[in-house]
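K.L.:
Input: one structure, supplied below.
The structure is reproduced here in structure tokens:
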């Protein structure tokens, strides 16, 4: 298969859930897929070998962070982000729009781009769609994202509308610029990002105009940013069906196991979220019967595994009591063991979801998973 | 072989270096051995499986720390420290004397024992030799240590002399108490600790009296606490030859690769040190050509491995430039990757040392190692 091809293998007869395969220069990605997040070029606390063993197919990096540190020259010198990180598999970089609007200070936005100060050293930078493409081509991820403004939540209709149109104009410039500078020796795919906050007509307009520009994949941006869950579901219901079936659909920044079931049901193929690693560092484990916070006193003398149903190295090698002790003692090992378990859990969840689509039992498996998952509340 | 047996396999014809084997209930330990330190029941940032793969034979825990947190009841409930940690191999606990005299506050020492306040929550505790034995029997390590006063450096002759005699009296009480409470279902060995600061006559007196009490192994304590290297060497020269050849000789808290060669040459069999993990967390790697500090700007675009001569997962999977980036970004992964490399380096060093004794080329191998190791200065 050609690099860049998305194969739609199967669509559920029960709902819009899809089973697919994405072809990249560095391997094939089975969808629906959960992509572990390695913002600064490292999935926090986790080694590449562990990601390979658990079955991670693609990991994320962030353009804003990587541009500021170590810088595109170092990453290019190291042979591109995949080789620089020692991962050597498929990677995706976010454009950095979200980070510029949430992390950087002194942002000055105009139609041309955005000036901002680095959160690291206060240095000033100016990102335009063209600059962002230059950065992402140099970083060299297999999938790269358009530069956009990620509108905050809540956000009034007027703001959301202007912001969506700015992101559209920038998407056009990203596409044009990318076509000029893309490199023959490193085939990359540029995805468009649909915005429009929680307004269905804006989402529809964004989707239609994005498809006019034409991208090999479409993302929904600006969701899971604080809106109620029914707003997220409403946006999925309204938007995903507008997207071309033969292209991958990516819901950015999502999410929880529950959200992933809902989104796959509505036709989403790709997910990324910091939840497994961030929750891990906070002591929280995702288990087949719900969340377990190993800091809690009830686990102090609980010598069973985190999740008896799990076959990850953490559950095979360590008890809740030991993890509780490590957390209380603030031993770095615990952040790693919990992150490893949580990532395993998410990768395995997507495996279950893919199998459920193949066997055309998506809704039954969803129901069963969620009923077990809510056991502990 | 009976549990507790030390087999002296070979003694170098070139020097006092010895090749041996210690038999414990949880496995055989090849000596000379380097024991990774897991003060709170975790070799910082490192998983048990990694310790097994690198060939670690025994790891350390600390009675003072483990008594305060998670507490002996939790460890006993978990089936003893080896099982509680998920390590399941041989372990050694230090008595906690060193920590009480360096970490705890408001210490009040009398002939009976020492009252101290926990460094964690300020709670008051009273440790006697009997209490310390009770704690270490409950923790359940394969090798346990007498409770002693670790004299500071520098320390005048009068203080060193009184302190050494107090530690002797305590060693007698430890032995008596241990004989009463030792458990048939968990064979432990109690080692004596020779003190006397940097005074040869005190070290000699301590060694002679300790041997009168009689232990299955003898440690040198209160060294590598700030004294000049020639004082350490002088103490080894004066003391190790007094110890029974058929018992293991343990130099506590040592050390650097250079110190280990010197000490093995003088008849030491066992070492422990936090250096590999502590230096790792500070960005410093031990390599075959000397120390490398990955934080240094010279490694920013150095895409080679930490140590081209090393086959550890860090050197096989990651570049100096990537490690430099991780360190600057304070990504937790780097503490782990450097600690892993440094522990590999030490375990491999002891493997080289054992082979050099077997082939009776200890002095040649020592010379070659040190000449390479000092390449970078």
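Residue numbers (my numbering), protein chains in the order written: chain B, 5 to 381; chain W, 5 to 381. Cβ atoms here follow ideal geometry from the backbone N, Cα and C, with glycine treated the same way. Predicted model only: the values in this text are computed from it and were never measured.
What residue from B:238, B:182, B:9 and B:370 has the CA that sits closest to residue 203 of chain B's CA?
P.N.:
Per the Cα distances, B:238.
K.L.:
Going by other Cβ atoms of all chains shown within 10 Å of its Cβ, with 16 needed for buried, is residue 324 of chain W buried or exposed?
P.N.:
buried
K.L.:
Going along chain B in order, which residues have a C-beta closer than 7 Å to the C-beta of residue 305 of chain W?
P.N.:
78 and 81
K.L.:
Starting from the Cα of residue 106 of chain W, find the closest Cα among W:246, W:69, W:365 and W:82 and give me that residue.
P.N.:
Looking at the Cα atoms, W:69 is the closest of the given residues.
K.L.:
Check residue 197 of chain B in the structure and name its three-state DSSP category.
P.N.:
strand
K.L.:
Among the residues of its own chain, which have a CB less than 7 Å from the CB of residue 213 of chain W, if the five just before and after it don't count?
P.N.:
172
K.L.:
Counting pairs of beta carbons, one from the region 228–237 of chain W and one from the region 147–159 of chain W, are three or more of them closer than 8 Å?
P.N.:
yes
K.L.:
On the premise that residue 86 of chain B lies in contact with residue 30 of chain B, defined as a C-beta separation below 8 Å, what is that separation, rounded to the nearest angstrom?
P.N.:
6 Å
K.L.:
Give the DSSP-derived three-state secondary structure of residue 256 of chain W in the structure shown.
P.N.:
Here residue 256 of chain W sits in coil by DSSP.
K.L.:
Please return the same chain residues whose Cβ sits closer than 7 Å to the Cβ of residue 12 of chain W, not counting the five positions on each side in sequence.
P.N.:
22, 24, 249 and 250
K.L.:
Is residue 192 of chain W helix, strand or coil by DSSP?
P.N.:
coil
K.L.:
Quick check: the Cα distance between residue 131 of chain B and residue 185 of chain B, rounded to an integer number of angstroms?
P.N.:
17 Å
K.L.:
Let's test the definition: count the other Cβ atoms within 10 Å of the Cβ of residue 460 of chain W and tell me whether it reaches 16, buried, or not, exposed.
P.N.:
The requested residue 460 of chain W does not occur in the structure, where chain W is confined to residues 5 to 381.
K.L.:
If you measure between the beta carbons of residue 296 of chain B and residue 287 of chain B, is that distance less than 7 Å?
P.N.:
no
K.L.:
Measuring alpha carbon to alpha carbon, tell me which of B:332, B:319 and B:362 ends up nearest residue 343 of chain B.
P.N.:
B:319
K.L.:
Tell me whether residue 340 of chain W is buried or exposed, calling it buried when 16 or more other Cβ atoms sit within 10 Å of its Cβ.
P.N.:
buried
K.L.:
Could you tell me the distance, in whole angstroms, from the CA atom of residue 175 of chain W to the CA atom of residue 270 of chain W?
P.N.:
25 Å
K.L.:
Buried or exposed for residue 259 of chain B, please, with buried defined as at least 16 other CB atoms from any protein chain shown within 10 angstroms of its CB.
P.N.:
buried
K.L.:
Quick check: is the beta carbon of residue 209 of chain W nearer than 7 Å to any beta carbon in chain B?
P.N.:
The C-beta of residue 209 of chain W comes no closer than 7 Å to any C-beta of chain B.
K.L.:
Would you decide whether residue 56 of chain B is buried or exposed? Buried here means 16 or more other CB atoms lie within 10 Å of its CB.
P.N.:
The Cβ neighbour count for residue 56 of chain B, taken over all protein chains shown within 10 Å, is under 16; the residue is labelled exposed.
K.L.:
Suppose you measure from the CA of residue 365 of chain B to the CA of residue 357 of chain B; what does that come to, to the nearest Å?
P.N.:
One C-alpha to the other measures close to 9 Å.
K.L.:
Which residues, taken in chain order from the region 305–323 of chain W, show a beta carbon closer than 7 Å to some beta carbon of chain B?
P.N.:
305, 307, 317, 321, 322 and 323
K.L.:
Considering only the beta carbon of each residue, do residue 74 of chain B and residue 60 of chain B sit closer than 7 Å?
P.N.:
Not closer than 7 Å, so no.
K.L.:
Run through the DSSP bridge pairs and tell me what residue 14 of chain B is partnered with.
P.N.:
B:23
K.L.:
By a C-beta neighbour count over all protein chains shown, 10 Å radius and 16 as the cutoff for buried, is residue 371 of chain W buried or exposed?
P.N.:
exposed
K.L.:
Would a check of beta-carbon distances place residue 336 of chain W closer than 7 Å to chain B?
P.N.:
It does: the Cβ of residue 336 of chain W has a partner Cβ on chain B nearer than 7 Å.
K.L.:
Within the same chain, show all residues whose beta-carbon is closer than 6 Å to that of residue 182 of chain W, passing over the 5 residues directly before and after it, in chain order.
P.N.:
137 and 194
K.L.:
Three-state secondary structure (DSSP) at residue 64 of chain B?
P.N.:
strand
K.L.:
Chain B beta carbons: is any one of them nearer than 7 Å to that of residue 52 of chain W?
P.N.:
yes
K.L.:
Leaving out five residues on either side along the sequence, give the residues of the same chain with a beta carbon under 7 Å from the beta carbon of residue 261 of chain W.
P.N.:
290, 353 and 377
K.L.:
At a CB-CB cut-off below 9 Å, which residues of chain B make contact with residue 88 of chain W?
P.N.:
307, 323, 325, 326 and 329
K.L.:
So which residues of chain B does residue 238 of chain W contact, with C-beta pairs closer than 9 Å?
P.N.:
By Cβ distance, chain B contributes nothing, its closest Cβ being about 38 Å from residue 238 of chain W, past 9 Å.
K.L.:
Opposite residue 98 of chain B in the DSSP bridges: which residues?
P.N.:
B:66
K.L.:
Could you tell me the boundaries of the beta strand (DSSP E) in which residue 276 of chain W lies?
P.N.:
274–277
K.L.:
Taking the alpha-carbon of residue 98 of chain B as reference, which of B:52, B:282, B:361 and B:152 has the nearest alpha-carbon?
P.N.:
B:152
K.L.:
Does the distance from the C-beta atom of residue 280 of chain W to that of residue 346 of chain W stay below 7 Å?
P.N.:
yes
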